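The structure appears right after this line, and notes come after that.
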Amino acid sequence: MTHESTPDTSMPVRSRSRLIVGNWKMYKTIDQALSFLDKIIPLAKDVDCKVWLSVPFTAIKPCADKAKDSKVVIGAQNMNDAAEGAFTGEVAASMLHDAGASFVIVGHSERRKIFSETNAFINRKVKRALASKLTPLLCIGETFEEHEGQHTKEVLKKQLVECLDGISKEEFDGKVVVAYEPVWAIGTGKAATPEIVEQVHLFCRSVFTEIFGKEAAEKVLLLYGGSVTPDNANGFLLQENVDGLLIGSCSLSSESFAKILKLRHNVIF
Ligand code: PEP
């Protein structure tokens, strides 16, 4: 069965929109980024999902200029929690916004692991991003050992509670996107199963209900990330509580990213 995006008015439409995000990590020069956009911008207008690209700092301004007036939204992969200051090599949220970024990834497991980022630091970034008109795309996820030890729920709850500490319902409601990215699935070729992801997303939604109430919890977009490919993407998209995907390696090729964008997103199967 294929799910190419041909309009089908007989199918019920999802209440939450679908969002597909590419995370380029430390790949692509400005020229490479712009030629990717040459291919994706025309395609994006005909797909039934939102399209976000998280690009290297150096490519934000040229990509945002090129994507202006298109459906493609440009964002950043990291930021500092301070408004400004003597932090050599760091980038402030206001600078990202000034360069044309609309969102920023915070709490990615590579930053947590390689750069020792804590939930408290990530919490300050979420607050700073919101105050700087950037949508935080908060990543959470358990390690292989935590997964094997069946500690996934407690780890995710702690990450959510601590990373969203002090954020009001009004600040959160519709303004924060969350990606469940099991660390063991990122860049390993071993994606989680769609069934596991659906269960985890339901659990996350119950945590949001506890913190922010049912209405806000129903609205938050919950993405899955971890070794998503054009071949396995549809399995996740068939899950009711998977509102989209965060894609690393397969977002580097416009061909494989395009295949995922062209899947049918906006209907309930
Ligand atoms: C990521 O880095 O957020 C990611 C999901 O990577 P990959 O798709 O390569 O596993």
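Per our numbering, the sequence shown starts with residue 1460, numbered consecutively. Here a beta-carbon is modelled for each residue, glycine too, at the ideal position from N, C-alpha and C. Please read these numbers as outputs of a predicted model, since none were measured by experiment.
Per DSSP, the bridge partner or partners of residue i
i, result
"I1564", "L1596"
"W1511", "V1480 and V1532"
"I1706", "G1481"
Integer Cβ distance of residue i from residue j, believed to fall under 8 Å
i, j, result
"I1670", "N1482", "Not confirmed; about 26 Å, so no contact."
"A1650", "S1686", "4 Å"
"K1498", "R1477", "That belief does not hold up - the Cβ atoms of K1498 and R1477 are roughly 20 Å apart, past 8 Å."
"G1646", "V1480", "No, G1646 and V1480 are not in contact; Cβ-Cβ is about 16 Å, not under 8 Å."
Reference residue i; option with closest CA among the options
i, options, result
"W1511", "L1596, K1617, T1488 and G1548", "L1596"
"N1537", "V1565, K1520 and F1662", "V1565"
"G1672", "D1632, A1650, K1617 and A1560", "D1632"
"A1518", "V1531, I1499 and A1492", "A1492"
"L1502", "N1725, S1713 and H1724", "S1713"
"R1571", "D1624, I1581 and A1692", "I1581"
"N1725", "D1505, I1489, K1498 and A1588", "D1505"
"S1553", "E1569, S1568 and G1534", "G1534"
"A1542", "R1587, E1604, G1559 and S1575", "R1587"
Secondary structure of residue i, DSSP reduced to three states
i, result
"G1694", "helix"
"L1623", "coil"
"E1629", "helix"
"A1492", "helix"
"A1542", "coil"
"A1651", "coil"
"L1502", "helix"
"L1722", "strand"
"L1682", "strand"
"V1656", "helix"
"V1637", "strand"
"V1472", "strand"
"T1668", "helix"
"Q1618", "helix"
"K1527", "coil"
"F1574", "coil"
"P1521", "helix"
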